[in-house]
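Peer 1: Next up is a structure, given as structure tokens.
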Amino acid sequence: MIKLQNVSKSYMSPNGVFQAVAPASLHVEEGDVYGIIGFSGAGKSTLLRMVNLLEKPDDGKVYVDGQELTSLSKKDLRKARQSIGMIFQHFNLLNNRTVAGNVAFPLEVAGIGKEEREARVRECLEIVGLTEKINSYPSKLSGGQKQRVAIARALASRPKVLLCDEPTSALDPQTTRSILAFLKEINQNLGVTILLVTHEMNVVKEICNKVAVMENGHLVEKLSLSEKEIAP
Ligand code: ADP
Ligand code: ADP
1 MIKLQNVSKS YMSPNGVFQA VAPASLHVEE GDVYGIIGFS GAGKSTLLRM VNLLEKPDDG
61 KVYVDGQELT SLSKKDLRKA RQSIGMIFQH FNLLNNRTVA GNVAFPLEVA GIGKEEREAR
121 VRECLEIVGL TEKINSYPSK LSGGQKQRVA IARALASRPK VLLCDEPTSA LDPQTTRSIL
181 AFLKEINQNL GVTILLVTHE MNVVKEICNK VAVMENGHLV EKLSLSEKEI AP
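In structure tokens:
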């Protein structure tokens with residue numbers, strides 16, 4: 001479902017060229033909840049953002065659902081991104097729009113008509129259990145509720161893949177568990193493939209069936225986790 005082939009990324013720094021991600025390859029199969037774990041600064045976020053080309057790789061190929069993304073035109077890339085949802089550590093909601101307005105936003109951008117849009121907004125808010133907050137503004141919501149709105153927004157365009165960038169790092173342990181439970185449900189019930197980066201081992205233990213370790217820009221180890229192996 002996601003295939004990275006030797007993708008790499010460097011930045012200019014005051015000390016010269018800094019390699020945030022050394023040539024990395026990764027294969028995420030359909031139905032996986034794939035975790036990438038590592039310390040802050042390891043390059044996880046950069047690697048994740050190369051999957052939907054929020055960060056353009058210096059080199060290498062990115063395949064999502066069979067389509068190679070780095071060679072697409074802007075227009076085709078915009079279309080391909082419809083099947084890739086993303087959520088962030090700090091939720092990235094639009095504070096001047098209601099919950100409905102936030103969830104509807106990607107659908108408006110995609111030019112989806114009002115009726116279909118509103119049906120999907122309701123459907124996605126139901127999935128995350130926030131129907132009663134449909135007309136609230138983000139400032140009135142808790143962190144966990146904000147992340148649920150962000151999940152609903154990510155699901156609105158019916159993605160095949162969900163990218164999660166430290167999805168629970170701003171949340172307390174109890175809220176973390178409930179968000180992870182939602183992600184697991186979305187993976188199991190909607191068949192959405194999940195690629196998640198985190199610095200928290202408990203997140204990986206809780207929901208991932210595969211894990212890779214990232215260190216200083218290098219993917220150093222890839223493991224398959226069976227239920228037994230990851231039991232605490
Ligand atoms: P992680 O997600 O593992 O914390 P990141 O991918 O965010 O790591 O960052 C990896 C390294 O690349 C860090 O040292 C960071 O400072 C650097 N970096 C990330 N984005 C940029 C950028 N836009 N410009 C310069 N350096 C960056
Ligand atoms: P805001 O600008 O505060 O986000 P709007 O009323 O402009 O609120 O609505 C923004 C988007 O949310 C529109 O695309 C609209 O179709 C959708 N929307 C608004 N209210 C609802 C609702 N009750 N149910 C479903 N979708 C809604």
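The UniProt record's numbering applies: residue 1 is where the sequence shown begins, and numbers increase by one.
The beta carbon of each residue, even a glycine, is placed where N, CA and C say it ideally should be.
Please enumerate, following chain order, all residues with a beta carbon closer than 6 Å to at least one heavy atom belonging to ligand 2.
Peer 2: That query returns the following residues: Arg97, Thr98, Ala100, Gly101, Ala104, Glu108, Lys114, Arg117, Glu118, Val121, Arg122, Ile134.
Peer 1: Who does Thr193 pair with in a DSSP beta bridge?
Peer 2: By 1-based counting over the sequence shown, the position of residue 193 is 193. DSSP output for Thr193 lists Val161 as bridge partner(s).
Peer 1: Spatial neighbours of Phe91 within its chain, please: CB distance less than 6 Å, with the 5 preceding and 5 following residues excluded, ordered by chain position.
Peer 2: Here the question's residue 91 lines up with position 91 in the sequence shown. Around Phe91: Lys146, Gln147, Ala150.
Peer 1: Count the other CB atoms within 10 Å of the CB of Met1; is the residue buried (16 or more) or exposed (fewer)?
Peer 2: As a first step, residue 1 must be located in the sequence shown, where it is residue number 1. Buried, because 16 or more other Cβ atoms sit within 10 Å of the Cβ of Met1.
Peer 1: Helix, strand or coil for Leu69, going by three-state DSSP, please let me know.
Peer 2: For this step, residue 69 is matched to residue 69 along the sequence shown. Here Leu69 sits in coil by DSSP.
Peer 1: From Ser224, Val17, Ala154, Ser13, pick the residue whose C-alpha is nearest to that of Phe88; which is it?
Peer 2: One-based indexing of the sequence shown puts residue 88 at position 88. Per the Cα distances, Ala154.
Peer 1: For Gln19, write down the residues that DSSP places opposite it in a beta bridge.
Peer 2: As a first step, residue 19 must be located in the sequence shown, where it is residue number 19. According to DSSP, Gln19 bridges with Ser10.
Peer 1: With a threshold of 6 Å on Cβ separation, who are the neighbours of Leu48 within its own chain once the five nearest residues in sequence on each side are excluded?
Peer 2: Here the question's residue 48 lines up with position 48 in the sequence shown. Excluding residues within five positions, the ones whose Cβ falls inside 6 Å are Leu163, Asp165, Val197.
Peer 1: Is it a yes or a no for the region 124 to 142 touching the region 45 to 64, going by three-plus beta-carbon pairs under 8 Å?
Peer 2: In short, these stretches do not touch, since the Cβ pair count stays below three.
Peer 1: Rounded to a whole number of angstroms, what is the C-alpha to C-alpha distance between Gln177 and Ile36?
Peer 2: For the purposes of this step, residue 177 is taken as residue 177 along the sequence shown, with counting starting at 1. For the purposes of this step, residue 36 is taken as residue 36 along the sequence shown, with counting starting at 1. As written in the sequence, residue 177 is Arg, which differs from the Gln given in the question. Straight-line Cα distance between these residues: approximately 18 Å.
Peer 1: If we ignore side chains and look at the alpha-carbon of each, how far apart do Arg180 and Ile207 end up?
Peer 2: On the sequence shown, position 180 is the one that residue 180 refers to. On the sequence shown, position 207 is the one that residue 207 refers to. The amino acid occupying residue 180 in the given sequence is Leu; Arg does not appear at that position. Going by the C-alpha atoms only, they are around 7 Å apart.
Peer 1: According to DSSP, is Lys3 part of a helix, a strand, or is it coil?
Peer 2: To locate residue 3, count along the sequence shown from 1; it is residue 3. It is a strand residue.
Peer 1: For a test of your reading of the model: does the CB of Val197 fall under 7 Å from any non-hydrogen atom of ligand 1? Yes or no.
Peer 2: Reading the sequence shown from its first residue, position 197 is the one you call residue 197. Val197: yes, Cβ under 7 Å from ligand 1.
Peer 1: Would Thr70 and Val62 qualify as a contact pair, given that the criterion is a beta-carbon distance under 8 Å?
Peer 2: The residue you call residue 70 lines up with position 70 of the sequence shown. The residue you call residue 62 lines up with position 62 of the sequence shown. Yes. Within cutoff.
Peer 1: Applying the 10 Å Cβ sphere with the 16-neighbour rule, what's the burial state of Asp172?
Peer 2: Looking up residue 172 in the sequence shown gives position 172. By the 10 Å Cβ count, Asp172 comes out exposed.
Peer 1: Could you check whether the Cβ of Lys56 sits closer than 7 Å to any heavy atom belonging to ligand 1?
Peer 2: Numbered from 1 along the sequence shown, position 56 holds the residue referred to as residue 56. No.
Peer 1: Could you name the residues whose beta carbon sits closer than 5 Å to any heavy atom belonging to ligand 1, keeping them in chain order?
Peer 2: This selection yields Tyr11, Ala20, Ser40, Gly41, Ala42, Gly43, Lys44, Ser45, Thr46.
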